[in-house]
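Notes follow the structure.
Residue numbers (our numbering): 22 to 347.
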């Protein structure tokens with residue numbers, strides 16, 4: 022439905038080491054500064070709880086806490102960690118929020134280095150002994166156990182949660198149509214002022230060459246989120262070997278032969294974000310098998326000899342927008 026009394030407005034800022042933006046249908050002349058400030062404050066709160074880049078954040082303090090100590094975590098942190106454990110269990114540990122020791126060892130995330138040396142097998146084995154979502158315990162009244170040596174890393178789920186938190190603010194402020202974006206994690210609902218949907222073009226050809234180009238992959242977001250994981254942005258090379266920044270928690274090493282991109286669609290950005298990482302770590306065959314069992318909407322994009330092949334779960338295929346033909 023066309024809403025001529027509304028204009029397309031854009032808000033934006035910085036959070037979690039990237040940018041955020043909100044496109045929304047808003048009445049003309051409406052002062053959006055209070056809404057912008059509320060969104061930024063909400064994102065700052067999430068960073069203060071779950072960013073390992075901040076030495077005084079709740080997650081950093083938990084990671085430094087004494088052995089066998091119990092901690093009451095803030096509501097956001099508690100919810101994200103409970104969701105992370107659910108996905109860890111369902112994915113058999115392909116997604117693991119306790120992967121922090123390996124993130125530190127490999128110099129990823131908040132521990133980024135120049136990768137001049139690859140960790141020794143002995144160091145990898147030692148770090149892997151400190152990884153395991155099963156080590157975490159939560160009481161019925163919401164207290165979490167730091168068993169000792171556990172390092173949480175929620176970077177593969179917190180950004181998605183930030184998207185959901187912003188969308189919740191917009192709903193609370195009676196914003197009926199919006200598209201939220203934090204570093205490429207998206208959630209949309211409603212439509213643009215001209216009545217057209219919030220459409221997202223998912224990347225298909227990372228070489229930007231026309232030869233053997235795959236058909237466009239368009240998703241319309243109305244109550245849906247989309248997130249992507251892969252080696253497109255996060256990788257490094259050492260002595261001719263390519264290393265992605267997605268770690269296999271079981272092996273303690275970056276996943277070999279990672280898909281170029283794994284795109285996940287879900288009803289919440291938090292789940293899309295975490296599942297994109299889990300399915301990336303599992304690899305295409307195991308990942309698609311699990312996605313089919315659970316009804317997850319995922320697309321794998323793999324590269325081979327400069328050509329790309331896309332593989333879709335049935336749930337993803339059903340969400341594809343098929344442009345009208347003449």
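Using N, Cα and C, we set each Cβ at its ideal position, and we do this for glycine too.
On the three-state DSSP scale, how would you describe residue i?
i           : result
residue 162 : coil
residue 187 : helix
residue 120 : coil
residue 206 : strand
residue 104 : helix
residue 174 : coil
residue 94  : coil
residue 152 : coil
residue 334 : coil
residue 293 : helix
residue 179 : helix
residue 115 : coil
residue 265 : strand
residue 303 : helix
residue 309 : helix
residue 126 : helix
residue 200 : strand
Starting from residue i, trace the alpha helix (DSSP H) in both directions and tell me its first and last residue.
i           : result
residue 149 : 142-149
residue 81  : 79-85
residue 45  : That residue, residue 45, is in no alpha helix (DSSP H); its beta strand (DSSP E) goes 39-48.
residue 68  : 54-71
residue 30  : Residue 30 -> not in any alpha helix (DSSP H); beta strand (DSSP E) instead, spanning 27-36.
residue 222 : Here residue 222 belongs to no alpha helix (DSSP H); instead the beta strand (DSSP E) covers 220-223.
residue 341 : Where residue 341 is concerned, there is no enclosing alpha helix (DSSP H), given that its DSSP letter is neither H nor E.
Flag this pair as yes or no: are the beta carbons of residue i and residue j separated by less than 7 Å?
i           : j           : result
residue 339 : residue 331 : no
residue 187 : residue 60  : yes
residue 43  : residue 53  : no
residue 178 : residue 295 : yes
residue 172 : residue 214 : no
residue 202 : residue 289 : no
residue 349 : residue 148 : Nothing about residue 349 can be reported from this structure: the residues present for the chain run from 22 to 347 only.
residue 102 : residue 183 : no
residue 170 : residue 210 : no
residue 97  : residue 70  : yes
What separation, rounded to the nearest whole angstrom, lies between the Cα atoms of residue i and residue j?
i           : j           : result
residue 115 : residue 251 : 14 Å
residue 241 : residue 91  : 44 Å
residue 164 : residue 79  : 13 Å
residue 311 : residue 35  : 35 Å
residue 84  : residue 216 : 48 Å
residue 307 : residue 89  : 36 Å
residue 93  : residue 160 : 10 Å
residue 333 : residue 239 : 13 Å
residue 105 : residue 192 : 25 Å
residue 142 : residue 152 : 15 Å
residue 346 : residue 235 : Because the pLDDT of residue 346 is 49, which lies under 50, any placement of that residue in the model is unreliable, and the number read from its coordinates should be weighed accordingly. Distance between the alpha carbons of residue 346 and residue 235: 17 Å.
residue 272 : residue 62  : 38 Å
residue 313 : residue 221 : 23 Å
residue 342 : residue 329 : 20 Å
Take residue i as the anchor and find which of the options has the nearest alpha-carbon.
i           : options               : result
residue 72  : 118, 27, 30 and 208   : 118
residue 40  : 180, 79, 149 and 172  : 180
residue 304 : 277, 122 and 192      : 277
residue 189 : 208, 248 and 109      : 208
residue 325 : 282, 311 and 86       : 282
residue 27  : 212, 220 and 186      : 212
residue 267 : 63, 216 and 176       : 176
residue 298 : 341, 247, 327 and 31  : 247
residue 126 : 150, 35 and 104       : 150
residue 335 : 327, 292, 293 and 286 : 286
residue 196 : 38, 236 and 56        : 56
residue 174 : 82, 58 and 323        : 82
residue 109 : 50, 292, 313 and 74   : 292
residue 156 : 168, 162 and 315      : 168
residue 49  : 58, 29, 302 and 38    : 29
residue 270 : 205, 100 and 300      : 300
residue 206 : 194, 249 and 141      : 249
residue 145 : 112, 107, 275 and 218 : 275
So the beta strand (DSSP E) residue i belongs to, where does it begin and stop?
i           : result
residue 277 : Where residue 277 is concerned, there is no enclosing beta strand (DSSP E), given that its DSSP letter is neither H nor E.
residue 325 : 318-325
residue 246 : 245-250
residue 241 : 238-241
residue 235 : Looking at the DSSP string, residue 235 is not in any beta strand (DSSP E), and its letter there is neither H nor E.
residue 287 : 282-287
residue 157 : Neither: residue 157 is in no beta strand (DSSP E) and is coded neither H nor E.
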